[in-house]
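Engineer:
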Amino acid sequence: MSHGEEWFNEMASTWDAKPEIVANTKNVHAQIIKHLEERGQSLSSMDVMEVGSGTGLLSTLLAKDSKSLLAVDTSEKMLERLMDKVKESNLGNVSTLNEPLVSVDQLGGRTFDLIVMCLTLHHVDDIQGLTKTISAALNKGGQFLVFDFEKFAGSKSFHQMTDEQLKAAGVYHDQGFDASDFEALFGQANLKCIHAQSHFRMTMPDNMPKPGEQSEGHGHSHAHAHAHAHGHGHSHRQGMGEGKNEYPIIFAAGLKE
Ligand SMILES: C[S@@+](CC[C@H](N)C(=O)[O-])C[C@H]1O[C@@H](n2cnc3c(N)ncnc32)[C@H](O)[C@@H]1O
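Sequential numbering from 1 applies to the sequence shown in UniProt numbering.
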């Protein structure tokens, strides 16, 4: 398996119990609504796709107010959790695609007004290829909105994982992204970068579960976590803010003109 599928399948049942994820989803949703309002737009007329939807925390919020929503995720278990929410909320406008998005041919002719990614771009190896596919799937005037952790001197400590664990979790860009990364990424996919700035932070837990470490079932890793560091030594948080656990989340928007 690639794309960290095994890891995300394992994480699916406890994903929604992560307070940092729930808080981040709320911030991301509010930022999307604010961004659209500032542009005089509303979700109600929009066909939306989320790439890397996970359990659907953001997708279901967006689906409630939009015309349709396609949730794409490589993890089958994550999409099962998403469908539980879709059934509970009686959402009739949500469909899923359980594949990595590599070509518009997978979309059966569907095009979108809004495509979003939240904490997923850093899990994608070929971000240029994906952004080109996303650009091709956007309607004229449509937007690609990305939220991910921002690159800075200490951003590599976001995951607190060894190289081996990063590989198992499918993390390809462990430093995150900055505004110049998005300018370049959008530029080569014919998208105009209309926004690239951080507006809020994500507070990461001290004991993030990691691949290869047994979970206690509630998202806490065992106290012997450092024993798995494989000679990399103890790593220490280098986030921003008082607790050093805070990481800025960059929000970038690319417009299809
Ligand atoms: C860190 S999680 C974020 C989930 C969700 N967006 C959230 O914020 O709760 C990353 C998600 O992206 C999925 N993923 C990883 N690589 C992917 C790819 N190439 N295409 C689609 N989904 C992918 C994983 O299965 C996982 O559900």
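Virtual Cβ for every residue (Gly too), placed ideally from N, Cα, C.
Can you tell me which of the three DSSP states M117 falls into?
Structural biologist: Position 117 of the sequence shown, counted from the start, is the residue given in the question as residue 117. If DSSP states are grouped into helix, strand and coil, M117 belongs with the strands.
Engineer: DSSP has T25 in a bridge; who is on the other side?
Structural biologist: Position 25 of the sequence shown, counted from the first residue, corresponds to residue 25. None, per the DSSP bridge assignment.
Engineer: How far does the beta strand (DSSP E) with S198 in it extend, from its first residue to its last?
Structural biologist: Reading the sequence shown from its first residue, position 198 is the one you call residue 198. Note, S198: beta strand (DSSP E), 192-203.
Engineer: When burial is assigned at 16 or more other CB atoms within 10 Å of the CB, is A12 buried or exposed?
Structural biologist: Within the sequence shown, residue 12 is the residue found at index 12, counting from 1. Answer is buried; the Cβ neighbour count reaches 16.
Engineer: By how many angstroms is the C-alpha of E5 removed from the C-alpha of W15?
Structural biologist: Within the sequence shown, numbered from 1, the residue matching residue 15 stands at position 15. Within the sequence shown, numbered from 1, the residue matching residue 5 stands at position 5. Straight-line Cα distance between these residues: approximately 14 Å.
Engineer: Tell me whether the stretch 44-60 and the stretch 87-97 touch, counting them as touching only if at least three CB pairs, one residue from each stretch, are closer than 8 Å.
Structural biologist: Taking 8 Å as the limit for Cβ pairs, the verdict is that the stretch 87-97 does touch the stretch 44-60.
Engineer: Based on Cα-Cα distance, which residue from F200, N245, E99 lies nearest to F251?
Structural biologist: Here residue 251 refers to the residue found at position 251 when the sequence shown is read from its first residue. Per the Cα distances, F200.
Engineer: Under the assumption that A253 contacts H195 (Cβ atoms under 8 Å), give the Cβ distance between them as a whole number of angstroms.
Structural biologist: As a working mapping, residue 253 is identified with position 253 in the sequence shown. As a working mapping, residue 195 is identified with position 195 in the sequence shown. With 8 Å as the limit, A253 and H195 qualify as a contact, their Cβ atoms being about 4 Å apart.
Engineer: Give the DSSP-derived three-state secondary structure of A252 in the structure shown.
Structural biologist: One-based indexing of the sequence shown puts residue 252 at position 252. Correct three-state label for A252: strand.
Engineer: For M161, which of D174, K151, S68 has the nearest alpha-carbon?
Structural biologist: If you number the sequence shown from 1, residue 161 lands on position 161. When each option's Cα is compared against that of M161, the closest is D174.
Engineer: What are the boundary residues of the alpha helix (DSSP H) that includes S95?
Structural biologist: Here residue 95 is taken as the residue at index 95 of the sequence shown, counted from 1. Run containing S95: none in the alpha helix (DSSP H); it sits in the beta strand (DSSP E), 94-97.
Engineer: Measuring only from the beta carbon, is L57 closer than 6 Å to any heavy atom that is part of ligand 1?
Structural biologist: Translated into positions along the sequence shown, residue 57 becomes position 57. Yes - ligand 1 has a heavy atom lying nearer than 6 Å to the Cβ of L57.
Engineer: Pick helix, strand or coil for S66, following the three-state DSSP scheme.
Structural biologist: Taking the sequence shown and counting its residues from 1, the one referred to as residue 66 is at position 66. Correct three-state label for S66: coil.
Engineer: Out of curiosity, what's the CA-to-CA distance linking C193 and A17?
Structural biologist: Sequence index remark: in the sequence shown, residue 193 carries index 193 (1-based). Sequence index remark: in the sequence shown, residue 17 carries index 17 (1-based). Their backbone Cα atoms lie some 34 Å apart in a straight line.
Engineer: Can you tell me which of D125, L79, K132, L82 puts its alpha carbon nearest to the alpha carbon of V104?
Structural biologist: Against the sequence shown, residue 104 aligns to sequence position 104. For the residues D125, L79, K132, L82, the minimum Cα distance to V104 belongs to K132.
Engineer: Who are V51's beta bridge partners in DSSP?
Structural biologist: Locating residue 51 in the sequence shown gives position 51, counting from the first residue. Looking at the DSSP assignment, V51 forms a beta bridge with V72.
Engineer: In whole angstroms, give me the CA-to-CA distance for H230 and V171.
Structural biologist: Numbered from its first residue, the sequence shown carries residue 230 at position 230. Numbered from its first residue, the sequence shown carries residue 171 at position 171. Low confidence applies to H230: its pLDDT is 37, below 50, so where it sits in the model is not reliable, and the reading given next is rough at best. When rounded, the distance between both Cα atoms is 18 Å.
Engineer: Taking the straight line between their C-alpha atoms, what separation do you get for D125 and E76?
Structural biologist: To locate residue 125, count along the sequence shown from 1; it is residue 125. To locate residue 76, count along the sequence shown from 1; it is residue 76. Their backbone Cα atoms lie some 19 Å apart in a straight line.
Engineer: With respect to 6 Å, is the separation between the Cβ of I21 and the closest non-hydrogen atom of ligand 1 below this value?
Structural biologist: In the sequence shown, counting from the first residue as 1, residue 21 sits at position 21. Yes, since a heavy atom of ligand 1 falls inside the 6 Å radius drawn around the Cβ of I21.
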